[in-house]
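The sequence shown maps to residues 61 to 363 in this note's numbering.
Glycine included, every Cβ here is placed at the ideal spot set by N, Cα and C.
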Amino acid sequence: MDIIRHSEWAETKFTLHLLSQILGKIKLETAQQEPQWAHVTLAITPNGFTAGLLFQHDRAFQIDLDIHESHVLINVGGHVQAVPLETAKPIKTYFEEVFGALASKGVQLEVNPKPQEMAYKNNLDEDDTPLVFNWEQAMRGLKLFHFALAQQLKFIGPLRCRKMKPALFWGTFDVSSLILPGIPQPYPEDKAIEKAAFDEHFIEYGFWLGDASVDMPAFFVLPYPFINKELDSTRLKPADAYFDASLSEYFLMADKVAGAPDRTIAMQEFFRSTFDILSEELSWPDCSYYFTPLDMPGQQAEK
């Protein structure tokens, strides 16, 4: 497991984050709305991430960020245009090229150019600061997303419950999934993003790439309603996992996973033990049915 710290690729990661904002904002305006903003998430692909199949009136289109081939692909009804990923190209130019490609095929869209959930506040269609794109660093980061998604899906996929499968949240630039028991819990403040994201009970499983304060990427588990008190740690696994009551989050740092005798076992223990603790703490109804094995033949492909 190759771990790339935030400080090793901060500039390239920032570029990808800004590009994900463009894809996400297009999806925000065109995808059918779903609870918890599920409709705006980006799907991880072998080569990067995608907004998936979208529609405007009778036109089908898709936008893919292909890290491996170093371009953004804009596909409108089978007509594909490529926007190259290049060092020194500013986000303003990417913005103009992507929206220009869409408009040239009849897809006219307007989005709010202000970044969402980022400390960076410049409008995406105005900032001409040169950006960095390092292919090797970007691919290392993508492989971490692949690992995180596979581990989340291994846990959440078989569960017999309502769930949001793992995807890229472009505001916070993390790969996350949700388990939801269907218990309403309105957000106490009138904030546009939060009141739609936090309006019912859930447990979120996520992977975050770190920042200037926390250099090491981390896996996290977040309950809603938030729990800002110390929790029972005797059942928490693996030993390196911990709970931060001030943030209402469990954490397992990526280097601890990489050093585990079996990374999959470590991840699945983390997910299951935190689910058991949090579902009880939140007084969810009996969840044992969630874990009833699927009556399906085994798969031939190795996981």
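Is the beta carbon of residue j closer than 7 Å to that of residue i?
| i | j | result |
| --- | --- | --- |
| LEU145 | SER130 | yes |
| LEU240 | PRO226 | no |
| VAL235 | PHE205 | yes |
| ASP185 | PHE155 | yes |
| LEU312 | PHE330 | yes |
| THR90 | GLN116 | yes |
| ASP304 | ARG200 | no |
| VAL167 | PHE121 | yes |
| ILE151 | LEU78 | yes |
| ILE287 | GLU254 | no |
| SER339 | TRP230 | no |
| LEU209 | ILE104 | yes |
| PRO244 | GLU260 | yes |
| ASP275 | ARG119 | no |
| ALA257 | TRP268 | no |
| PRO173 | ASN182 | no |
| VAL171 | VAL158 | no |
| LYS165 | HIS139 | yes |
The beta strand (DSSP E) that contains residue i, what's its start and end?
| i | result |
| --- | --- |
| TYR284 | 278-284 |
| MET313 | 309-313 |
| ILE239 | 234-240 |
| LYS223 | 222-229 |
| ILE134 | 131-136 |
| ILE263 | 262-268 |
| ILE123 | 119-126 |
| ALA148 | Element bounds for ALA148: n/a, residue is neither H nor E. |
| ALA142 | 139-144 |
| ASP304 | 302-304 |
| PHE351 | Neither: PHE351 is in no beta strand (DSSP E) and is coded neither H nor E. |
| GLN116 | 114-116 |
| THR110 | 108-110 |
On the criterion of 16 or more Cβ atoms from any shown chain inside 10 Å, does residue i qualify as buried, or is it exposed?
| i | result |
| --- | --- |
| TYR302 | exposed |
| ASP124 | buried |
| GLU264 | buried |
| LEU282 | buried |
| VAL132 | buried |
| ALA252 | exposed |
| PHE351 | exposed |
| ALA111 | buried |
| ALA361 | exposed |
| ALA326 | buried |
| SER237 | buried |
| LEU307 | exposed |
| MET356 | exposed |
| GLY270 | buried |
| PRO175 | buried |
Closest to residue i by CA distance: which of the options is it?
| i | options | result |
| --- | --- | --- |
| LEU219 | LYS251, TYR349, LEU209 and TYR310 | TYR349 |
| LEU102 | PRO190, THR232 and MET356 | THR232 |
| ILE86 | MET327, PRO95, PHE74 and HIS99 | HIS99 |
| PHE74 | VAL143, ALA148, CYS221 and THR90 | ALA148 |
| LYS316 | GLN96, ALA272, PRO298 and TYR310 | PRO298 |
| LYS203 | ASP271, ASN107, PRO353 and ALA111 | ASN107 |
| GLY137 | ARG222, PRO190, ALA161 and THR352 | ALA161 |
| ALA314 | MET224, ILE337, GLN211 and LEU228 | GLN211 |
| ALA198 | GLU71, SER333 and MET276 | GLU71 |
| PRO345 | PHE262, TRP195, GLU94 and GLY112 | PHE262 |
| LEU191 | TRP69, PRO357 and CYS347 | TRP69 |
| GLN328 | LEU88, GLY266, SER164 and ASN182 | GLY266 |
| PRO9 | PHE215, TYR180 and ALA111 | Outside the modelled stretch of the chain, which goes from 61 to 363, sits residue 9, for which no answer is possible. |
| TYR284 | TYR310, ASP355 and MET356 | TYR310 |
| LEU88 | VAL140, LYS165 and LEU169 | LEU169 |
| ASP300 | SER237, SER333, ASP250 and GLY358 | SER333 |
| ARG222 | ASN194, ALA163 and PRO95 | PRO95 |
| TRP97 | GLY358, GLU290 and MET224 | MET224 |
Can you tell me where the alpha helix (DSSP H) with residue i in it begins and where it stops?
| i | result |
| --- | --- |
| GLU89 | 70-90 |
| THR334 | 323-341 |
| TYR154 | 151-164 |
| GLN211 | 195-216 |
| LYS181 | Taken as a continuous stretch (DSSP letters only), LYS181 belongs to no alpha helix (DSSP H), as it is neither H nor E. |
| GLU254 | 252-257 |
Using a Cβ-based criterion (distance less than 6 Å to any ligand heavy atom), does residue i qualify as near the ligand MG?
| i | result |
| --- | --- |
| GLY217 | This structure lacks the ligand MG; in fact it carries no ligand of any kind. |
Step through the CB atoms of chain B and report whether any lies within less than 7 Å of the CB of residue i.
| i | result |
| --- | --- |
| PHE121 | Checking the listed chains, one finds no chain B in this structure; it contains a single protein chain. |
Check whether the segment 313-324 touches the segment 283-297, taking contact to mean three or more Cβ pairs, one atom from each stretch, closer than 8 Å. Remark: fewer than three beta-carbon pairs, one from each stretch, lie closer than 8 Å, so the segment 313-324 and the segment 283-297 are not flagged as touching.
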